[in-house]
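A short write-up of the structure that comes next.
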Amino acid sequence: MNAATAVGDLWPYVLLILVGFLPSEVWRWLGMALARGIDESSEVVVWVRAIATAILTGVVAKLMLFSPGALADVPVWIRLGAAAIGMAGFLLIRRSVLAGVVAGTAALIAGDLLFGP
Amino acid sequence: MAERSGSWVSPTVEGYLAGLRAGVTSVFLVVLVGTFISIGALAHDLGFPALWVVLSTLLIWAGPAQVIMISALGAGAAPFEVAVAVSLSSIRLLPMVVALLPIVRAKNTRWPGLLLATHFVAVSAWIEALRLAPGQPRENRVAFVNGIGTVLLGVSTLSTAAGYYLALAMPRSLVAGMLFLTPMSFLVSVTRSSRMLSDRLAAVIGLVVSPILVSAGVGLDLMWTGVVGGSVAYLVHRWWSRRREGRE
């Protein structure tokens with residue numbers, strides 16, 4: 001389907017609800033239902049948070065190794081090197097999230113400009 | 118509430134205002150601006166309408182899911198396939214909601230507010246809420262999360278529109294850099310917020326296991342990464358804390 005020809009049509013919006021909103025939002029609703037009756041100090045919360053954390057870093061690894069869009073054009077060694085520089089920036093500069101993100105992203109852009117395609 | 122001394126504003130208003138303040142000072146704002154500019158630009162390049170991608174941010178509010186949906190639809194993938202891919206990438210939202218709600222829910226909580234807070238759950242708002250909500254009075258917490266969510270989602274929505282119209286003016290390296298913001302910020306903020314052994318272990322296992330599963334062609338790779346990685350991390354944490362208790 002050429003998305004541009006569908007402009008002005010309702011179809012892209014129906015598609016947005018069916019293949020974007022609902023498949024994603026259903027996990028939030030399910031979480032809301034499952035959270036009933038669980039209290040803050042419960043061991044289940046610790047276990048579930050570990051699951052969320054593992055999935056989260058799983059997403060990180062996927063986005064860095066099997067990147068989407070323009071990021072896929074940046075060689076993988078530059079992506080991993082930039083991630084390492086970002087982590088180093090975070091650890092060295094007062095464990096600041098901003099410092100880590102800025103260092104990593106600047107390293108990626110610089111690496112791509114210097115050694116990229 | 119009559120029994121609350123020293124404050125004549127309702128807990129909802131008080132919590133919401135505190136949440137707005139926490140949102141405005143969040144370091145995630147920078148990350149979100151960049152991330153959603155890149156998502157707006159991606160949608161522009163693949164020929165989607167501006168309103169469509171702006172709505173995708175408001176409704177889906179999960180960067181990786183939006184990137185997957187936009188690039189897959191743009192590449193002409195079958196709708197069912199796209200729905201499955203989007204859903205798999207958003208599985209993380211379930212345990213995130215389950216971990217957050219017991220901390221913010223109170224006796225005065227009503228379901229519309231809770232449903233809104235649930236929709237605001239995304240990595241950025243979740244990390245900020247887990248970190249800051251315990252410092253708020255319990256009856257303010259749901260409104261507090263909604264305040265944070267309003268700012269983060271509002272700024273992201275505006276950034277999506279900006280990215281759409283800036284797409285033509287941005288060099289490729291910059292777009293790549295902005296797409297890099299999501300994994301980089303997730304990685305750093307998970308490292309900062311993981312204090313328990315179970316969380317640290319889960320973070321390392323997730324990082325290693327998911328690419329192995331993807332390379333091996335195992336379906337539902339993120340779900341398995343979470344269930345196996347999270348459970349192993351939790352069991353090691355239990356074993357370790359029991360051993361320590363046994364010694365004392």
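Heads up: the protein sequence lines correspond to chains A and B, in order. If you read the first sequence in this note's numbering, its first letter stands for residue 1, the second for the next number, and so on. If you read the second sequence in this note's numbering, its first letter stands for residue 118, the second for the next number, and so on. We treat Cβ as the ideally placed atom computed from N, Cα and C, and that holds for glycine.
Measure from the alpha carbon of A/W29 to the alpha carbon of each residue in B/S207, B/S173, B/D338 and B/L146, then state which is nearest.
-> In the first sequence, residue 29 of chain A corresponds to position 29, counting from 1. If we check each option's Cα against that of A/W29, B/S207 comes out closest.
On the premise that A/W27 lies in contact with B/L270, defined as a C-beta separation below 8 Å, what is that separation, rounded to the nearest angstrom?
-> Mapped onto the second sequence, residue 270 of chain B falls at position 153. Mapped onto the first sequence, residue 27 of chain A falls at position 27. So it is not a contact: roughly 17 Å between Cβ atoms.
Is the shortest distance between the beta-carbon of A/I109 and the beta-carbons of chain B less than 8 Å?
-> For the purposes of this step, residue 109 of chain A is taken as residue 109 along the first sequence, with counting starting at 1. At a cut-off of 8 Å between beta carbons, A/I109 contacts chain B.
According to a CB-to-CB cut-off of less than 9 Å, which residues of the segment 354-365 of chain B neighbour chain A?
-> Within the segment 354-365 of chain B, those residues whose Cβ lies closer than 9 Å to any Cβ of chain A are, in chain order, H354 and R355.
Which word fits B/E131, buried or exposed, when buried means at least 16 other C-beta atoms lie within 10 angstroms of its C-beta?
-> Taking the second sequence and counting its residues from 1, one reaches residue 131 of chain B at position 14. So B/E131 ends up on the buried side.
Report the residue ranges of all beta strand (DSSP E) runs contained in full by the segment 136-164 of chain B; include only those spanning at least 3 residues, in chain order.
-> Segments of the beta strand (DSSP E) lying fully in the segment 136-164 of chain B: there are none.
Ignore the nearest five residues each way along the sequence and tell me which others in B/G346's own chain have a CB closer than 6 Å to its CB.
-> Here residue 346 of chain B refers to the residue found at position 229 when the second sequence is read from its first residue. Only residues of its own chain outside the window of five on either side were considered, and among them A319, I322, G323 and V326 have a CB closer than 6 Å to the CB of B/G346, listed in chain order.
Buried or exposed: B/V126, going by 16 or more other Cβ atoms within 10 Å of its Cβ?
-> Along the second sequence, read from residue 1 onward, the residue named residue 126 of chain B stands at position 9. Classification for B/V126: exposed.
Cα-Cα separation, B/R355 to B/D316 = As a working mapping, residue 355 of chain B is identified with position 238 in the second sequence. As a working mapping, residue 316 of chain B is identified with position 199 in the second sequence. Each residue's CA atom was taken as its position, placing B/R355 and B/D316 some 12 Å apart.
Cβ of B/S173 less than 8 Å from any chain A Cβ?
-> Your numbering for residue 173 of chain B matches position 56 in the second sequence. Answer yes: the Cβ-Cβ gap between B/S173 and chain A drops below 8 Å somewhere.
Flag this pair as yes or no: are the beta carbons of B/G171 and B/T299 separated by less than 8 Å?
-> The residue labelled residue 171 of chain B in the question sits at position 54 within the second sequence. The residue labelled residue 299 of chain B in the question sits at position 182 within the second sequence. The displayed chain sequence assigns Val, not Gly, to residue 171 of chain B. Result no, Cβ atoms of B/V171 and B/T299 do not sit closer than 8 Å.
Stretch-stretch touch, CB-based, cutoff 8 Å, three pairs: the segment 144-159 of chain B with the segment 277-292 of chain B = Because the criterion of three Cβ pairs below 8 Å is met, the segment 144-159 of chain B and the segment 277-292 of chain B touch.
Extent of the continuous alpha helix (DSSP H) run through A/M64 | Working through the first sequence from its first residue, we reach residue 64 of chain A at position 64. Looking at the DSSP string, the run of the alpha helix (DSSP H) that includes A/M64 is E43 to L65.
Indicate whether at least one CB of chain B lies closer than 8 Å to the CB of A/L65.
-> Reading the first sequence from its first residue, position 65 is the one you call residue 65 of chain A. It does: the Cβ of A/L65 has a partner Cβ on chain B nearer than 8 Å.
Continuous alpha helix (DSSP H) stretch holding B/N263: start and end = The residue given as residue 263 of chain B occupies position 146 in the second sequence. Its alpha helix (DSSP H) spans residues R258 to L283.
When you compare only the Cα positions, how much space is there between B/W169 and B/W243?
-> For this step, residue 169 of chain B is matched to residue 52 along the second sequence. For this step, residue 243 of chain B is matched to residue 126 along the second sequence. Looking at the two C-alpha atoms, the distance is approximately 25 Å.
Please confirm if the segment 296-310 of chain B is in contact with the segment 90-97 of chain A, defined as three or more CB-CB distances below 8 Å between the two stretches.
-> The answer is yes - the segment 90-97 of chain A touches the segment 296-310 of chain B, with three or more Cβ pairs under 8 Å.
If you draw a straight line from the C-alpha of B/L430 to the C-alpha of A/I38, how long is it?
-> The structure shown does not extend to residue 430 of chain B, since chain B spans only 118 to 365, so no value can be given for it.
Is the number of C-beta pairs between the segment 66-73 of chain A and the segment 257-271 of chain B that are closer than 8 Å three or more?
-> Contact between the segment 66-73 of chain A and the segment 257-271 of chain B is absent, because fewer than three Cβ pairs lie under 8 Å.
Below-8 Å beta-carbon distance, B/T267 vs any chain A residue | Counting from one through the second sequence, the residue named residue 267 of chain B turns up at place 150. For B/T267, the answer is no, since every Cβ of chain A falls outside 8 Å of its Cβ.
Who are the Cβ neighbours of B/L296 in its own chain at under 6 Å, not counting the five residues just before and after it?
-> By 1-based counting over the second sequence, the position of residue 296 of chain B is 179. Excluding five sequence positions before and after B/L296, the CB atoms of its chain that fall closer than 6 Å to its own CB belong to S155, given in chain order.
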